[in-house]
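A quick write-up on the structure given underneath.
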Amino acid sequence: MAKGILLPVCQTIGVPWRHTRGRLVCSACRHQTSVTTGTILEKTRTPLTTWFEAAWHLTTAKNGLSAKTLERTLGTSYRTAWAMLQRFRVAMVRSERERLSGAVEVDETLVGGVERGGKRGRGTSKPIVVIAIEVKEPKGFGRVRMRHVPDASGANLQPFICDVVAEGATVRTDGWTGYNGLSKHGYLHERVVLSSSGDAAHVSMPGVHRIASLLKRWILGTHQGSVVSAHLQSYLEEFTFRFNRRSSRSRGLVFRRLMEQCIVTKPITEAKVTFGYDWSRNRPRRS
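To convert, count from 1 in the sequence shown and add 17; that's our numbering.
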């Protein structure tokens, strides 16, 4: 069994020299590196113990915590706490995560405060979030995926479904025209026209309405409703990470999963999250 670490430049395995400020120096090529190189912790000025403590509080708190709460808990500045949480939210998304399967409900919801005047429904100016969730038989829900979309047109809804739902799945939607043509993408499309079904929306589409309700309650309670549109997708990914691990019996395992993701996630500068992270780079490429 080889001893040492794989040095990033010369690609040799060896025991590096220890240098100041936690740096490691390759004995072969003299290149300087560190244990955080290539991770979201690269070049951080915040002690690693503070990062670990923040990750622990984030994963063990039942409803998560806001940047203001993390600031008070860790004793750091608000900006540091906020940037740490934004990086963690990016790390919560596994690039190789499996697509939803089986019976999947898909619908949109509006996120935001009370809006007076203007258009209602799908024509509103509020942020639109499209939700997909696995529905189990005879009851229960599986995994969830969500995306903030600019509008409820088919140009945004159908690519989302193709990205997060496996071919051959049964996709249940309402009668909105934006979902027309899903059968051409390899799905069994079940359309429920609410106006003629006789059932309320939360009865015909229980999964997405349950998620929409929990999401809005979480944003309003944990984050006091202060989620701007530019960062909305980041909060959706945190909610997804939490919901999909709701049945975990050990919070320690959730903490471990987050730290594993921090190691394999590429470096993220503060500039990349300040005005909203570009989530399009994390989406799977369709052939």
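Even for Gly, the Cβ is constructed at its ideal location relative to N, Cα and C.
Considering only V110, R114, S83, S112, the residue with the shortest C-alpha distance to A100 is S83. One alpha carbon belongs to I236, the other to G198, and they sit about 33 Å apart. For secondary structure counted as the alpha helix (DSSP H) over 4 or more consecutive residues, the stretch 161-248 holds these complete runs in sequence order: 171-181, 211-214, 218-221, 223-239. The shortest CA-to-CA distance from E255 to any of G242, F105, T90, V188 is the one to F105. In this structure, the alpha-carbon of L58 lies about 46 Å from that of R208. Nearest in C-alpha terms to L211, of all of L253, G269, F272, D191, is D191. In chain order, I145, V147, N173 place their CB closer than 6 Å to the CB of V166, counting only its own chain and leaving out the 5 sequence neighbours on each side.
Taking C-beta separations shorter than 7 Å and ignoring five residues to either side along the sequence, the partners of G185 in its chain run G203, following chain order.
Sequence-distant partners of H240 (beyond 5 residues in either direction) whose C-beta falls short of 6 Å from its own C-beta, in its chain, are S83.
Listed in chain order, the non-local C-beta contacts of I285 below 6 Å within the same chain comprise I57, R104, V107, local neighbours out to five positions each way being set aside. Per DSSP, reduced to three states, the secondary structure at G81 is coil, with no helix or strand assignment. D124 has I148 as its beta-bridge partners, per DSSP. A distance below 6 Å between beta-carbons, with the five flanking residues on each side excluded, links H206 to the following residues of its chain, in chain order: V188, L199, S200.
Nearest neighbour of S221 by Cα position, chosen from L75, F258, V152, turns out to be V152. Between A72 and F272, the gap from beta carbon to beta carbon is short of 8 Å. Rounded to the nearest angstrom, the Cβ distance from A149 to V128 is 16 Å, too far for a contact under 8 Å.
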